[in-house]
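Asks: The sequence shown begins at 199 in my numbering and counts up by one.
For glycine and all other residues, C-beta sits at the position ideal for the given N, C-alpha and C.
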Amino acid sequence: MKIIMVKKIMADGSPCKKCSEVLERLETSGHIEKIDQVLIAREGEVGSEGALLADYYQVDKAPFFVVEEEGLEPRIYTIYFKLVKEVLNRQAA
199 MKIIMVKKIM
209 ADGSPCKKCS
219 EVLERLETSG
229 HIEKIDQVLI
239 AREGEVGSEG
249 ALLADYYQVD
259 KAPFFVVEEE
269 GLEPRIYTIY
279 FKLVKEVLNR
289 QAA
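#1: Under a three-way DSSP split, which group does A252 fall into?
#2: Anyone know if the C-beta pair for I233 and L224 falls short of 8 angstroms?
#3: Do you know how far the Cα of Q256 is from the Cα of G211?
#4: Leaving aside the five residues before and after A249 along the sequence, list all residues of the same chain whose C-beta is less than 8 angstroms from its C-beta, in chain order.
#5: Throw me the rounded Cβ distance for the V204 and Y278 pair, which I believe falls under 8 angstroms.
#6: Spell out the partners DSSP gives F263 in its beta bridges.
Rendered as structure tokens:
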């Protein structure tokens with residue numbers, strides 16, 4: 199399983215508030231170790247890695263997570279607590 203987090207950086211260079219809050223929750227819970235890759239969607243830069251992924255999956259919220267499992271279609275999570283319940287806690291079990 200591979201988990202990609204896409205977080206947003208605002209045009210002025212500051213991190214998106216919700217992205218910072220989710221990243222802090224991941225770190226305090228220990229779930230950050232289960233995130234394989236963090237991509238940045240830079241506001242106003244449609245060519246940034248995170249923005250390209252958001253466009254590909256047609257996601258307009260940040261942060262979001264792409265969960266890839268062999269043999270399955272990638273799953274997109276825009277709600278952190280749903281990711282924890284359905285993926286991260288399941289991994290720990």
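Replies: Reading from the atomic positions:
#1: helix
#2: yes
#3: 23 angstroms
#4: A239, R240, E243
#5: Contact flag wrong, Cβ pair sits at about 13 angstroms.
#6: M203, Y275
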